[in-house]
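Numbering (numbering that gives the first Met the number 0), first residue to last: 0 to 90.
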Amino acid sequence: MPLLYKTDIAADADLKICFTSIRAEADLIVYESISAWEATEPQIWCYTDIRSEANRVVFITDSPFEADLLVLRTDVQSDAGWQNSVKAGLL
């Protein structure tokens with residue numbers, strides 16, 4: 000589901016995300032994959048270089064106050080999931 004394209008222009012994005020290293024702050028814990036076939040759920044992300052292939056265009060910000068979604072990365076796919084399901088509609 001989340002095949003993402005990264006943009007450098009905030010106004011061009013569907014969603015602004017900020018990566019955090021603090022689990023309690025995260026809205027979503029994601030597992031990043033290099034395979035588009037694995038990106039079948041909101042917590043499994045894959046990035047593409049082709050904008051027309053993407054489900055969402057994202058802008059990565061360093062400011063949690065500017066972000067729509069605070070994200071924690073994990074190396075364990077089964078650990079990924081929503082921490083704040085209120086924001087599930089964003090993806």
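Ideal Cβ placement from N, Cα and C applies to all residues, glycine included.
Using a 10 Å radius around the Cβ and a threshold of 16 neighbouring Cβ atoms, would you call residue i buried or exposed?
| i | result |
| --- | --- |
| Ile49 | exposed |
| Trp36 | exposed |
| Asp26 | buried |
| Val29 | buried |
| Ala10 | exposed |
| Val70 | buried |
Shortest alpha-carbon distance to residue i belongs to which of the options?
| i | options | result |
| --- | --- | --- |
| Leu3 | Glu52, Ile28, Gln82 | Glu52 |
| Asn54 | Pro63, Ile43, Thr60, Asp61 | Ile43 |
| Thr19 | Ala66, Val75, Val85 | Ala66 |
Can you tell me which of the three DSSP states residue i falls into?
| i | result |
| --- | --- |
| Ser51 | helix |
| Val70 | strand |
| Leu90 | coil |
| Val56 | strand |
| Asp11 | helix |
Residues bridged to residue i by DSSP?
| i | result |
| --- | --- |
| Trp44 | Glu31 |
| Trp81 | Leu27 |
| Phe18 | Val70 |
| Thr6 | Phe58 |
Within this structure, are the beta carbons of residue i and residue j separated by less than 8 angstroms?
| i | j | result |
| --- | --- | --- |
| Ala12 | Val56 | yes |
| Arg72 | Glu31 | yes |
| Ile59 | Cys45 | no |
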